[in-house]
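Using our numbering, read the sequence shown as starting at 4 and increasing by one per residue. Every residue, glycine too, gets a C-beta built ideally from N, C-alpha and C. Keep in mind the model is a prediction, meaning the values are calculated, not measured. Take a look at the structure below.
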Amino acid sequence: MHIKESSDIAEHCIVYSMSDGKDTDYRKKCGHRHDIICENCHVLVSTLADIQTKATTANFPTVDDRDEVAYMVNSSTLAIESWQCHIIRCVNQDQARIDVLELLAVIWYWKGQKSRASEPLKRLAFEKNTFI
Ligand SMILES: [Zn+2]
Ligand SMILES: [Zn+2]
Numbered sequence: 004m005h006i007k008e009s010s011d012i013a014e015h016c017i018v019y020s021m022s023d024g025k026d027t028d029y030r031k032k033c034g035h036r037h038d039i040i041c042e043n044c045h046v047l048v049s050t051l052a053d054i055q056t057k058a059t060t061a062n063f064p065t066v067d068d069r070d071e072v073a074y075m076v077n078s079s080t081l082a083i084e085s086w087q088c089h090i091i092r093c094v095n096q097d098q099a100r101i102d103v104l105e106l107l108a109v110i111w112y113w114k115g116q117k118s119r120a121s122e123p124l125k126r127l128a129f130e131k132n133t134f135i
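Here it is, written out as structure tokens:
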């Protein structure tokens, strides 16, 4: 999957994918449209729907067999959808880790600059103390 923080493909857009469709407190609007379709994501959704349709319309020897197949198809579909959500969360968390590390690197750099800049002042203060 080509997941990004911002994508014109709904399934690839982290902001859209992680937003709650029902609860506005957990929803963030994208500044773009999701008007591009990913062929791979589309094929997965249509394949799962096809399997669901075949499983419900096929002839089974018993009602128990049909229920068992329906259960297997539903649980497998949920597992695949959960796996997709897991991947999106992993990518989002990895990006958060990278953002924190970059922020720490910037802080470390500026603290280094500050201590280097004040080094002459420290030396001057030390020299004044030693000569007084
Ligand atoms: Zn989006
Ligand atoms: Zn896709």
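Where I10 falls, given that 16 or more other Cβ within 10 Å makes a residue buried: Note that residue 10 is Ser in the sequence shown here, rather than Ile. Buried, since its Cβ has 16 or more Cβ neighbours within 10 Å.
Three-state secondary structure (DSSP) of C44: helix
C16 at chain B interface by Cβ criterion, 8 Å: Within the model displayed, chain B is absent; a lone protein chain is all it includes.
Residues bridged to K3 (per DSSP): Because the chain here runs from 4 to 135, residue 3 falls outside it and cannot be looked at.
Under the three-state DSSP convention, the category A82 falls into: helix
Which of helix, strand or coil DSSP assigns to T60: helix
Any non-hydrogen atom of ligand 1 within 7 Å of C16 CB: yes
Contact test: C93 Cβ vs ligand 2 heavy atom, cutoff 7 Å: no
Inter-residue spacing [alpha-carbon to alpha-carbon] between S78 and I90: 18 Å
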